[in-house]
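Undergrad:
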Amino acid sequence: MDDADRSLVERIKAGDVAAFERLFSRHHQRIYRFAARMCRHAQDAEDVLQDTFLAAFRHLKTFRGKARFSTWLYTIAANSCRRTRRGSGAVAPAKESEPDGGAFPVDDWTRRPDALFLRKETRRAIQDAVAELPKDLRLVLVFRDMEGLSAEEVSRIVGASVPAVKSRLHRARLFVRNRLSRRFQESRR
Amino acid sequence: MKAGPSSSLGTPCLRRLARLSAYIEREVPSPARESIRRHMAHCADCRVVLRTLKKTIALCRQAPKIDPPQAVSKRVLAVLRRELARCRPPAP
Ligand SMILES: [Zn+2]
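Heads up: the protein sequence lines correspond to chains Y and L, in order.
Reading the first sequence from the start, the letters are residues 42 to 230 in this note's numbering.
Reading the second sequence from the start, the letters are residues 105 to 196 in this note's numbering.
1) Any beta-carbon of chain L closer than 8 Å to the one on residue 82/Y?
2) Note down, in chain order, every chain Y residue with its Cβ under 7 Å from the Cβ of residue 159/L.
3) Using only Cβ atoms and a threshold of 6 Å, which residues come within that distance of a heavy atom of ligand 1? Order them by chain position.
4) Starting from the beta carbon of residue 207/Y, find every residue of chain C whose beta carbon is closer than 9 Å, and list them in chain order.
5) Looking only at C-alpha atoms, which of 78/Y, 86/Y, 199/Y, 181/Y sits nearest to residue 165/Y?
6) Sorted by chain position, which residues of the same chain lie with C-beta nearer than 6 Å to residue 136/Y's C-beta, five sequence neighbours on each side aside?
7) Buried or exposed for residue 207/Y, please, with buried defined as at least 16 other CB atoms from any protein chain shown within 10 angstroms of its CB.
8) Hey, could you find the ends of the alpha helix (DSSP H) residue 79/Y is sitting in?
9) How do the region 174-183 of chain L and the region 130-141 of chain L stand: do at least 3 beta-carbon pairs fall below 8 Å, yes or no?
10) Label residue 179/Y either buried or exposed according to how many other C-beta atoms from any shown protein chain fall within 10 Å of its C-beta, with 16 as the threshold for buried.
11) If we ignore side chains and look at the alpha-carbon of each, how far apart do residue 213/Y and residue 164/L end up?
12) Looking only at C-alpha atoms, which of 72/Y, 50/Y, 227/Y, 187/Y sits nearest to residue 100/Y?
13) Look at the alpha carbon of residue 211/Y and the alpha carbon of residue 174/Y, and state the distance between them as a whole number of angstroms.
14) Using a Cβ-based criterion (distance less than 7 Å to any ligand heavy atom), does residue 153/L qualify as near ligand 2?
15) So, with DSSP's three-state summary, where would you put residue 191/Y?
16) Between the alpha carbons of residue 129/L and residue 88/Y, how many angstroms are there, rounded?
17) Is there at least one Cβ from chain Y nearer than 8 Å to residue 115/L's Cβ?
18) Could you tell me the alpha carbon to alpha carbon distance between residue 67/Y and residue 115/L, rounded to whole angstroms?
19) DSSP three-state call for residue 222/Y: helix, strand or coil?
20) Just to confirm my understanding: we take residue 113/L, look at its own chain, exclude 5 residues before and 5 after, and list those with CB closer than 6 Å. What are they?
21) Since residue 165/L meets chain Y, which of its residues come closer than 9 Å, beta carbon to beta carbon?
22) Under three-state DSSP, which class holds residue 134/L?
23) Name the chain Y residues that come within less than 8 Å of residue 169/L, Cβ to Cβ?
As structure tokens, this is what we get:
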């Protein structure tokens, strides 16, 4: 793990509790960002942020430093998301076996003007699609395609094999793609 | 083969779909990769799926980052400070 994180953790374990504030300032943005994408509701994201750092402090002695500190925090945050109102089920949870009801629209919306993709409605459409993903798929898509973590790191966080992570990611991407395809078809009519 | 605006993907193409993310990330080994590429050359529908899937990934990557409002960081830090003051340091 990062040397700065390691020395902070050692200081805290040795009794310098105030050093935990430094860990907070180093990592709270990424945890909030992740939580905001997972939960969508600002209050839930704040709850996840708070739960994550309180739990991290209380269980710091169990952190052995094998993984990066951020990976460990993400693991706590991912578990904390389950306890939020919206974190476990999405707005309208889709069936995982057939996340989009089997329909597979083929419409090339990629050639549409760039302005369309910058619009607020398009961004909201992406957020909506992500929010509707079953949690297992949502976690992986948020970590891989939004937060930019590696498949190996996500596999450690979610406790699944790398091939399982890749397969979930693919299903999540197809689901979001199908939602966007439908949205753009409708917006053209 | 020509895709209309509301057409849906056929079954043989749906089966190839499973490897599309791996294909995009260049993780499909060579003989299979060539086979997908050959299919793409002849199948307009699959080319559309490939393009839209790539665009979807790009849009997710470009999604705006949501930073915590200052008030949130302050509130959580205040809760954390109370906890730090209250708790004995974790045992080494
Ligand atoms: Zn095809």
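Glycine is no exception: its CB is placed at the ideal position from the N, C-alpha and C atoms.
Predicted model, so just to flag it, every value in this text is computed and none were measured.
TA: In terms of the structure at hand:
1) no
2) 151
3) 117/L, 143/L, 147/L, 149/L, 150/L
4) This model lacks chain C altogether; the protein chains it does include are Y and L.
5) 78/Y
6) Any answer about residue 136/Y is weak, because its pLDDT of 47 lies below 50 and its placement is not dependable; what the coordinates show is given next. Sequence-distant Cβ neighbours of residue 136/Y in its own chain, meaning closer than 6 Å and more than five residues away, do not exist here.
7) buried
8) Start and end: 61-80.
9) no
10) buried
11) The alpha-carbon separation between residue 213/Y and residue 164/L amounts to approximately 11 Å.
12) In terms of Cα proximity to residue 100/Y, the closest of 72/Y, 50/Y, 227/Y, 187/Y is 50/Y.
13) Looking at the two C-alpha atoms, the distance is approximately 12 Å.
14) For the structure depicted, ligand 2 is absent and the ligand set comprises only ligand 1.
15) Residue 191/Y: coil per DSSP, three-state reduction.
16) 35 Å
17) no
18) 49 Å
19) helix
20) 149
21) 186, 187, 189
22) DSSP places residue 134/L in helix when its eight states are reduced to three.
23) What residue 169/L touches in chain Y: 74.
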